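Taken in sequence, the protein lines are chains A and B. Counting from 1, position 156 in the first sequence corresponds to residue 145 in the numbering used here; the numbering is continuous, with no gaps. If you count the second sequence from 1, you need to add 279 to reach the numbering used here.
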Amino acid sequence: MSAADNTPNNPTHGAPAGAAPEPSRRGFLRMGVNAVAGAAALAAALSPLRDLDPDDAPSLEEFFQKHYKEMSAEEKQAALARIAEQVRRRFKLPADRAVNVQDPPPMDGVEFVYALNVSRCIGCRKCVHACAKENNTSRSPEIQYIRVLQMQKGSIDVETSEHHYDPIKIPDHQAYYLPVQCHQCAKPPCVKVCPTEATWQEPDGITVIDYDWCIGCRYCEAACPYWARRFNFGKPQIPADELNLDMAYLSNRPRSKGVMEKCTFCLHRTRRGRMPACVEVCPTGSRKFGNVLDPDSEVAYILRHKRVFVFKEEVGTLPRFFYYFDERGSRYHEPIEVFEPGEST
Amino acid sequence: MRRYFAFLWDCARLSFVGDWRYHGWMTVLTLITLVGVYAYCHQLVYGLVTTGMTDQVSWGAYIANFTYLVGLAAAAAMLVIPVYVYRNMHLHDVVIFGELLAIAVIIMCLLFVMVDLGRPDRFLHLLQRFNFPMSMLTWDVIALNGYLLLNLHICGYLVYMAYCGREPSKVFYVPFVFVAIVWAVSIHTVTAFLYVGLGGRPFWNSAIIAPRFLASAFAAGPALIILTLQIVRRCTSHRVRDDALLTLRRIVQVAMLINMFLLGCELFTEFYTDSAHTASARYLYFGLSGRGALVPWIWTAIVFDSLAMIILLLPASRGLTLLNLACVLAIVGIWIEKGMGLIVPAFVPTPLGEIVEYMPTWHEIMVCLGIWAFGLLLYTIMVRITIPVLSGQVRARGRHDQNELKAAHATRT
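In structure tokens, the structure reads:
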């Protein structure tokens, strides 16, 4: 029954042509059957939603929570309390384990920079694992902020590097190692492209993410020339007993699925005068961190006196992460066993 | 106002009326859409792990389809320009089909972006902190939604006027038509800039992307319209003259030539200089380190594009069989090169030189098919409504006319 068939009967402005004929009992029944079949098909299509973890759906407070920069002090406190409660529920923590979610502000007169000694790094990846533990990143699927490249001698081209080297002993003296993590750029492309201002640069130079504001479009991940950003494709899985309960809103509190995360120079530690976890764990002292505005700091000394370079200078993002090498040649390391079994990758 | 609701009501009723072919087609499309909804619900529950995307290749089939569909929306502009700028009346009666296509396609684009989001529940954050003008994504939000509104207005106005039996007033739609022409160019440019602006991705960071994007869009869009118009004239009472199809053929022909020329420019720059920045292009065309999932695809695209171009250059393509073949080749070829061929290689190798390949999962494919089916469903309904209304077979009821006459008298006296 098409409009064209119907029109000859209604040449003038009568009832709209093409409308269904007067509903007979049979027609009505058929419509009913069709409606029921349609509803059933729709219900079947929506059926996977039954498995939705109620914890994954945003609570009302979370849904109406403002952007980090718009929250008043009280609202921030309420958000921190809500997050602590959420962590306790999600990881089923016993009452005696205190969840401490803070929001340490940037310190005045501080701009953090990082310096990494390529002559010393032995590629042991202790930093990679210490970072994951410290920052409560997902263990399955595994998310790591630091990627250590085994570089070929004679080349600074990352395309010839080996990402998944797995030797029994390190270092390999035919190679050198280039650990890469967020460079905390002064002109960060990731911040520029974010459509919702969910990521920004703090006064102390750290680029942070409001995990409660990110919509998960991954534009920042495409924009980063250092491949420093990670996305939670699935719900992050962390064993409750491995959880680091010293948390901050802008750094290592557990993330939900569907949001970005990245290295924050461990701001929950460094804004309180401690060193990042990767610096603390490094067995060779290759990693240096500090306030570049303080002329007496170790990093200020390195930038003044060492042979320093930045990685991918040509992309023009002005990193706060510097590589350097020693003047008197590399320290020679006898190759050593790769740490505890199971900890190597 | 009441008449407008009556119009919407008649439209809704019309969309359920048709012969068995219409019902069968709509049922199939609805079922595929529901399969897509099912797959998307899975994705909502488990996250984007259900897709083939990784931190290494963080955009995949969704963004590839989005990019291609932005191109298809150009079809409208390519019908409008000859009619309104050059007064080519061959296309006059079919312009509306291009504009309706633009509406359906832009809605599909927005859906593809939505399904790509990790937290679609936070979509409104976009309006609360809109990073304009810094983020190109915010430009794209404005460009796409603006284009959608423009075309909704133009089509809605023309169809509603026909429904009321009144002559459309030029003031209310011609200015919008001209704005829409410029806007159509802007949606491609802005979408291309989304990728071009990323300095860390040398494959995209090239000035030729936006012009190529326009050229391929102006080929694929009208090619699709050529096929659509033939379906319209076979299945409905609407008459489409061959002249209209042949005018469109010329547009596809020229656009395809320009597209192939720009492709040549791109290939020369990438491969003759042989610099370090060509890794992605080498991966796309020849494979890197023994991995080349995209190689068969891109060569298929190049063969299809070249064949389409050659056929279109032959006078024989004035015959509809050959023309249709060329159109299908162009549509498929450009879908590959402007979709997966443009998005995925930029991520391979990663900025740190790692090679991880991307392959869409079945979940992802089902979501994509669902959105395509939904788009076709929308387009079919819109065409279904538009044809009888424009030809005057469906009109507002008489008593409304009398009411209006009375109202007109009242205001006059």
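C-beta atoms are modelled at their ideal positions from N, C-alpha and C, and glycine is treated no differently. Because the structure is a prediction, the values reported are computed rather than measured.
May I ask you to list the residues that DSSP assigns as paired with I325/A?
Counting from 1 along the first sequence, the entry for residue 325/A is found at position 336. I159/A, per the DSSP bridge assignment.
DSSP state of W216/A, grouped into three classes?
Within the first sequence, the letter at position 227 stands for residue 216/A. The answer is coil: DSSP assigns W216/A none of H, G, I, E or B.
What do you reckon, are the CB atoms on V197/A and W189/A nearer than 8 Å?
Mapped onto the first sequence, residue 197/A falls at position 208. Mapped onto the first sequence, residue 189/A falls at position 200. In this structure, W189/A lies closer than 8 Å to V197/A by Cβ.
Tell me, please, whether the CB atom of W338/B is closer than 8 Å to any CB atom in chain C?
The chain labelled as chain C is not found among the protein chains of the depicted structure, namely A and B.
For a cutoff of 8 Å on Cβ pairs, would you count C252/A as touching chain B?
The residue you call residue 252/A lines up with position 263 of the first sequence. Taking Cβ atoms only, chain B never reaches closer than 8 Å to C252/A, which makes this a no.
Is it the case that the CB of F455/B approaches a heavy atom of the ligand HEM more closely than 7 Å?
Although the ligand HEM was asked about, the structure shown includes no ligands whatsoever.
Kindly list, in the order they appear in chain B, the residues whose Cβ is closer than 8 Å to that of K181/A.
Taking the first sequence and counting its residues from 1, the one referred to as residue 181/A is at position 192. The contacting residues are M413, S414.
Is the region 14 to 23 of chain A touching the region 44 to 64 of chain A, taking contact as three or more C-beta pairs under 8 Å?
They do not touch, by the three-pair rule.
To which residues does DSSP link Y363/B through a beta bridge?
Residue numbering aside, residue 363/B sits at position 84 when the second sequence is read from its first letter. Paired residue(s): none; Y363/B is not in a bridge.
Using the three-state DSSP reduction, which class does R14/A fall into: helix, strand or coil?
Looking up residue 14/A in the first sequence gives position 25. Three-state DSSP puts R14/A in a helix.
Which chain B residues sit within Cβ distance under 8 Å of N204/A?
Position 215 of the first sequence holds residue 204/A. Correcting the residue identity first, residue 204/A is Ile in this sequence and not Asn. Going along chain B in sequence order, the residues near I204/A (Cβ under 8 Å) are L396, G397, R398, P399, R401, F402, H404, L405.
Indicate whether F295/B and T507/B have their beta-carbon atoms separated by less than 8 Å.
In the second sequence, counting from the first residue as 1, residue 295/B sits at position 16. In the second sequence, counting from the first residue as 1, residue 507/B sits at position 228. Contact: no.
Who are the Cβ neighbours of L702/B in its own chain at under 8 Å, not counting the five residues just before and after it?
Absent from the model: residue 702/B. The displayed extent of chain B is 280 to 692, so no value can be given.
Tell me, to the nearest whole angstrom, how far the beta carbon of L327/B is from that of G397/B; I am working on the premise that it is less than 8 Å.
In the second sequence, counting from the first residue as 1, residue 327/B sits at position 48. In the second sequence, counting from the first residue as 1, residue 397/B sits at position 118. 6 Å between Cβ atoms; contact.
When you compare the CB of C320/B with every CB in chain A, is at least one pair closer than 8 Å?
In the second sequence, the residue the question calls residue 320/B occupies position 41. By this cut-off, C320/B is an interface position.
Where does F540/B fall in DSSP's three states?
In the second sequence, the residue the question calls residue 540/B occupies position 261. In the structure shown, F540/B sits in a helix (DSSP, three-state: H, G or I).
Are the CB atoms of T330/B and E616/B within a distance shorter than 8 Å?
Along the second sequence, one-based indexing puts residue 616/B at 337. Along the second sequence, one-based indexing puts residue 330/B at 51. Against a cut-off of 8 Å, the Cβ pair of T330/B and E616/B comes out as no contact.
Would you say M332/B faces chain A, with C-beta separation under 8 Å as the test?
By 1-based counting over the second sequence, the position of residue 332/B is 53. Yes - at least one Cβ of chain A is within 8 Å of the one on M332/B.
Of all Cβ atoms in chain B, is any one closer than 8 Å to the Cβ of C116/A?
Counting from one through the first sequence, the residue named residue 116/A turns up at place 127. No, its Cβ sits nowhere closer than 8 Å to a Cβ of chain B.
Got a sec: is the Cβ-Cβ distance from C110/A to anything in chain B below 8 Å?
For the purposes of this step, residue 110/A is taken as the residue at position 121 of the first sequence. Judged by the 8 Å Cβ criterion, C110/A is not in contact with chain B.
So which residues of chain A does P628/B contact, with C-beta pairs closer than 9 Å?
Sequence index remark: in the second sequence, residue 628/B carries index 349 (1-based). What P628/B touches in chain A: V147, E148.
For F482/B, count neighbouring Cβ atoms within 10 angstroms of its own Cβ and tell me buried if that reaches 16, exposed if not.
The residue labelled residue 482/B in the question sits at position 203 within the second sequence. By the 10 Å Cβ count, F482/B comes out buried.
Can you tell me whether W231/B is buried or exposed, with buried defined as 16 or more other CB within 10 angstroms of its CB?
Only positions 280 to 692 of chain B appear in this structure, which leaves residue 231/B out of reach.
Whose C-alpha, out of Y474/B, P399/B, I433/B, is nearest the C-alpha of F626/B?
Numbered from 1 along the second sequence, position 347 holds the residue referred to as residue 626/B. Per the Cα distances, Y474/B.
On the three-state DSSP scale, how would you describe G479/B?
Stepping through the second sequence from its first residue, residue 479/B is reached at position 200. Reduced to three states, the DSSP call for G479/B is coil.
Mind listing which residues of the region 228 to 250 of chain A have their C-beta closer than 7 Å to chain B's C-betas, in chain order?
The residues in question are K246, G247, V248.
If you count every other CB in all the chains shown that lies within 10 Å of the CB of G143/A, and 16 or more means buried, which is it?
If you number the first sequence from 1, residue 143/A lands on position 154. When all chains shown are included, G143/A counts as exposed.
Excluding sequence positions up to five away, which residues of its chain have a Cβ less than 8 Å from the Cβ of R597/B?
In the second sequence, residue 597/B corresponds to position 318, counting from 1. Excluding residues within five positions, the ones whose Cβ falls inside 8 Å are L525, R528.
For a quick check, are the C-beta atoms of R219/A and I132/A less than 8 Å apart?
On the first sequence, residue 219/A is found 230 positions in, with the first residue counted as 1. On the first sequence, residue 132/A is found 143 positions in, with the first residue counted as 1. Closer than 8 Å, so yes.
Does the separation of the CB atoms of T629/B and Q335/B fall below 8 Å?
By 1-based counting over the second sequence, the position of residue 629/B is 350. By 1-based counting over the second sequence, the position of residue 335/B is 56. Closer than 8 Å, so yes.
Taking all protein chains shown into account, do 16 or more other C-beta atoms lie within 10 angstroms of the C-beta of T417/B, making it buried, or fewer, making it exposed?
Your numbering for residue 417/B matches position 138 in the second sequence. Buried.
Who are the neighbours of L477/B on chain A, taking C-beta pairs under 8 Å?
Looking up residue 477/B in the second sequence gives position 198. By Cβ distance, chain A contributes P178, V182, A211, A212.
With a 10 Å radius around its C-beta and 16 neighbouring C-beta atoms as the bar for buried, classify E118/A as buried or exposed.
Taking the first residue of the first sequence as position 1, residue 118/A is located at position 129. In the sequence as displayed, the identity of residue 118/A is His instead of Glu. Under this definition H118/A is a buried residue.
Between L542/B and chain A, is the shortest Cβ-Cβ distance under 8 Å, so that the two count as touching?
Position 263 of the second sequence holds residue 542/B. Output row for L542/B: interface = no.
Is the beta carbon of L138/A closer than 8 Å to that of H153/A?
As a first step, residue 153/A is located in the first sequence; it is residue number 164 there, counting from the start. As a first step, residue 138/A is located in the first sequence; it is residue number 149 there, counting from the start. No, these two residues do not count as a Cβ contact at 8 Å.
Going by DSSP, what residue range makes up the alpha helix (DSSP H) through G612/B?
As a first step, residue 612/B is located in the second sequence; it is residue number 333 there, counting from the start. 599 to 617 is the span of the alpha helix (DSSP H), which, as asked, contains G612/B.
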